[in-house]
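Count along the sequence shown from 1, then add 1157; that gives the number in my numbering.
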Amino acid sequence: MSKLPLILISASLIFNVVTIDVCGQDSTIKDNNEWVLYQKANSDLPDNNALKIILDKEDNKWIATEKGGLVKLKGADWTIFQTNNSLIPHNSIYAIAIDENDVKWVGTYGNGLSRLDDKKEAEDTWFTNFNTTNSLLPHDWILSTAIDKKGDLWVGAGDQGVTKFNGTEWYSFNTLNSKIPNDVVNSIAVDSKGNKWLGTEEGGLTKYNENGWVTYNTENSKIPSNWILTVSIDKDDNVWVGTLNGGIAKFDADTTWNIYNMFNSGLPNNSVYSIAFEETGTTWIGTGGGGLVKFDGRNWEVFDHSNSELPKDFVYTVTVDSDNIKWVGTWKGGIIRFK
C-alpha cells in the first residue's frame, strides 16, 4: 500500500464550523478570466494539497485536502470542516462520495469513514463516524469511495480489500474470501449497468457484479500496468484507467482496448491520477508531473506551469461542473478554476 502521511487528530471538538466569505479578497486571487488560482496565500483554502474535488447537486465543490480537512466551496464562501471545529474525525481526507440524498461520505486517512449530512439543523448531528472500533469497517485508512445504483456505499479500506455498506450491514471482500486480485483498492467507479470497477494497487483492474469477479491484468489483457491509480466511466460506459507509469487504458468493457502513453500519443506523463469528462466527450487528464491534459479523441493539448497559469504539474484531481468549468486540484499548488 502507498506510504502516505498520517496527521495527528486534534482532541478538541467544537460544533462551530468556520464559514468564510472571501469576496473581499478577490483582488489577491489571480484571475485572468480563464484561470483562477486558489491557494493558502490568497484564499481560505487550508491546504495546497488538494486530493479530490467532487460536486454536489447544487454544483458546490467539496474538496479533500491532505492535512487541512474537508472544504466546501459555494460561490465565494468557504466552509472548512476540521477536527477543531467539527466532529470530522481526521484532517487528512483522501476520498469523498455523495449519495442521492446529498449525504457526503468522507474517507479519512487514519480514522475511518464519516457520514456528513449538512442539511440537518443541528450542527452537532451532522457527522456520524465509522471506524474499526465501532463498526465492521476493516481498516481506518480510506483510499476510495463510490455509491452504486442501489445507493450502497463501496469503500476501499487500507489493505483490506473493498467493503460494501448498505446503511445497516457491512460486507467485506478480500483476497481470502473472494476473487478480488489485490487488497489495496485505489479507485472505484460504477457504470450504468451497476458494474463495480475497482482499480487495485498491483492486481490490475477488476469488475464485480452479481455474476462474480472478472480481472484484467498485464498477463490476460492489453492493460499496460497492474498498478491502477484511477478509474472513470464516460457517458458511453467506456472504462478509462489511469495507471502508474503505464499511461491510460480505455476499455469498452467488451473486447477493445486503446492504450495512450508518452510514446504513442500526446500524453506528457505516464502516471495518470485523475480522468474527467465534459458533456461533449472531451477528456481531461491529471498527470503526476506532466500537468493537465485535454484530449478530444484525436488532438492532445497540454497545460503545465511553463505554458499556462497551472502552478504545479502534479495534478491529483480534475472535475468538470455544469458550466463546463474545470476544477483542478494539484499537489502543493492549490486549486485552479479553468474555463
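Built from N, CA and C at the ideal position, the CB exists for glycine as well.
Opposite residue 1329 in the DSSP bridges: which residues?
In the sequence shown, the residue the question calls residue 1329 occupies position 172. Residue 1329 pairs with 1320.
Taking the CB atoms as reference points, tell me whether residue 1425 and residue 1444 lie closer together than 8 Å.
Here residue 1425 is taken as the residue at index 268 of the sequence shown, counted from 1. Here residue 1444 is taken as the residue at index 287 of the sequence shown, counted from 1. Closer than 8 Å, so yes.
When the Cβ atoms of the stretch 1297 to 1308 are set against those of the stretch 1331 to 1340, are three or more pairs found closer than 8 Å?
no
If you draw a straight line from the alpha carbon of residue 1422 to that of residue 1284, how long is it in whole angstroms?
The residue you call residue 1422 lines up with position 265 of the sequence shown. The residue you call residue 1284 lines up with position 127 of the sequence shown. Approximately 45 Å, taken between the alpha carbons.
Who are the Cβ neighbours of residue 1327 in its own chain at under 8 Å, not counting the five residues just before and after it?
Locating residue 1327 in the sequence shown gives position 170, counting from the first residue. Hits under 8 Å: 1292, 1293, 1294, 1320, 1321.
Under DSSP, the beta strand (DSSP E) around residue 1458 begins and ends at which residues?
As a working note, residue 1458 is residue 301 in the sequence shown. Segment 1457 to 1460, the beta strand (DSSP E) holding residue 1458.
From the DSSP output, read off the bridge partner residues of residue 1467.
To locate residue 1467, count along the sequence shown from 1; it is residue 310. Answer by DSSP bridge pairing: none, since residue 1467 is not bridged.
Are residue 1431 and residue 1373 closer than 8 Å when you measure CB to CB?
Here residue 1431 corresponds to residue number 274 of the sequence shown, with the count starting at 1. Here residue 1373 corresponds to residue number 216 of the sequence shown, with the count starting at 1. Going by C-beta atoms, residue 1431 is not nearer than 8 Å to residue 1373.
Here's a check: name, in chain order, each residue in its chain whose Cβ is nearer than 6 Å to the Cβ of residue 1182, leaving out the five neighbours to either side.
Indexing the sequence shown from 1 puts residue 1182 at position 25. Its pLDDT being 36, under 50, residue 1182 is placed unreliably in this model, and the value from its coordinates should be taken loosely. So no residue of the chain qualifies.
Are residue 1441 and residue 1388 closer than 8 Å when you measure CB to CB?
Walking along the sequence shown from the start, residue 1441 turns up at place 284. Walking along the sequence shown from the start, residue 1388 turns up at place 231. No.
Is the distance from the Cβ of residue 1318 to the Cβ of residue 1332 below 8 Å?
The residue labelled residue 1318 in the question sits at position 161 within the sequence shown. The residue labelled residue 1332 in the question sits at position 175 within the sequence shown. The answer is yes: Cβ separation under 8 Å.
Taking the straight line between their C-alpha atoms, what separation do you get for residue 1477 and residue 1369?
Taking the sequence shown and counting its residues from 1, the one referred to as residue 1477 is at position 320. Taking the sequence shown and counting its residues from 1, the one referred to as residue 1369 is at position 212. Near 32 Å, if we compare the C-alpha coordinates of residue 1369 and residue 1477.
Taking 8 Å as the threshold (C-beta atoms), are residue 1428 and residue 1401 in contact?
Counting from 1 along the sequence shown, the entry for residue 1401 is found at position 244. Counting from 1 along the sequence shown, the entry for residue 1428 is found at position 271. Yes, they are a contact pair.
Applying the 10 Å Cβ sphere with the 16-neighbour rule, what's the burial state of residue 1329?
Position 172 of the sequence shown, counted from the first residue, corresponds to residue 1329. Residue 1329 is buried by the Cβ-count criterion.
Within 10 angstroms of its Cβ, does residue 1257 collect 16 or more other Cβ (buried), or is it exposed?
The count along the sequence shown starts at 1 and reaches residue 1257 at position 100. Its Cβ having fewer than 16 others within 10 Å, residue 1257 is exposed.
Can you tell me where the beta strand (DSSP E) with residue 1236 in it begins and where it stops?
Within the sequence shown, numbered from 1, the residue matching residue 1236 stands at position 79. Residue 1236 -> beta strand (DSSP E) spans 1234 to 1238.
First and last residue of the beta strand (DSSP E) that includes residue 1141?
What is shown of the chain runs 1158 to 1496, which leaves residue 1141 out entirely.
Buried or exposed, going by whether 16 or more other CB atoms sit within 10 Å of the CB of residue 1200?
As a first step, residue 1200 must be located in the sequence shown, where it is residue number 43. Taking all protein chains in view, the Cβ of residue 1200 is crowded by 16 or more other Cβ atoms within 10 Å, so the residue is classified as buried.
Can you tell me whether residue 1483 is buried or exposed? The criterion is at least 16 other CB atoms within 10 Å of its CB, across all chains shown.
Position 326 of the sequence shown, counted from the start, is the residue given in the question as residue 1483. Buried, since its Cβ has 16 or more Cβ neighbours within 10 Å.
Thinking C-alpha only, which one of 1274, 1298, 1230, 1490 is nearest residue 1247?
Here residue 1247 refers to the residue found at position 90 when the sequence shown is read from its first residue. Minimum Cα distance to residue 1247 is reached at 1298.
Taking residue 1311 as part of the beta strand (DSSP E), name the residues at either end of that continuous run.
Here the question's residue 1311 lines up with position 154 in the sequence shown. Counting along the chain, the beta strand (DSSP E) containing residue 1311 begins and ends at 1310 to 1314.
Would you report the Cα separation of residue 1348 and residue 1196, rounded to the nearest angstrom?
As a first step, residue 1348 must be located in the sequence shown, where it is residue number 191. As a first step, residue 1196 must be located in the sequence shown, where it is residue number 39. Going by the C-alpha atoms only, they are around 34 Å apart.
Measuring CA to CA, which of 1438, 1364, 1355 is closest to residue 1393?
On the sequence shown, position 236 is the one that residue 1393 refers to. Minimum Cα distance to residue 1393 is reached at 1438.
Compute the distance between the beta-carbons of residue 1208 and residue 1250, then report whether it is under 8 Å.
As a first step, residue 1208 is located in the sequence shown; it is residue number 51 there, counting from the start. As a first step, residue 1250 is located in the sequence shown; it is residue number 93 there, counting from the start. Yes.
In the DSSP output, which residue or residues are listed as bridge partners for residue 1389?
In the sequence shown, the residue the question calls residue 1389 occupies position 232. Looking at the DSSP assignment, residue 1389 forms a beta bridge with 1397.
Starting from residue 1254, trace the beta strand (DSSP E) in both directions and tell me its first and last residue.
Position 97 of the sequence shown holds residue 1254. Segment 1250 to 1255, the beta strand (DSSP E) holding residue 1254.
Report all residues from its chain with a CB closer than 6 Å to the CB of residue 1408; omit the five preceding and five following residues, and keep chain order.
Within the sequence shown, the letter at position 251 stands for residue 1408. Taken in chain order, the residues that qualify are 1396, 1414.
Which partner residues of residue 1192 appear in the DSSP bridge assignment?
For the purposes of this step, residue 1192 is taken as the residue at position 35 of the sequence shown. In DSSP, residue 1192 forms a bridge with 1495.
Bridge partners of residue 1373, per DSSP?
Indexing the sequence shown from 1 puts residue 1373 at position 216. Bridge partners of residue 1373: 1362.
Can you check whether the CB of residue 1313 is closer than 8 Å to the CB of residue 1345?
Position 188 of the sequence shown, counted from the first residue, corresponds to residue 1345. Position 156 of the sequence shown, counted from the first residue, corresponds to residue 1313. It is a contact, given that the beta carbons lie within the stated cut-off.
Exposed or buried, residue 1219, counting other C-beta atoms within 10 Å across all chains shown (16 or more means buried)?
To locate residue 1219, count along the sequence shown from 1; it is residue 62. By the neighbour-count rule (16 or more Cβ atoms within 10 Å), residue 1219 is buried.
With DSSP as the reference, please indicate the residues paired to residue 1452 in a beta bridge.
On the sequence shown, residue 1452 is found 295 positions in, with the first residue counted as 1. BP columns for residue 1452 point to 1440, 1457.
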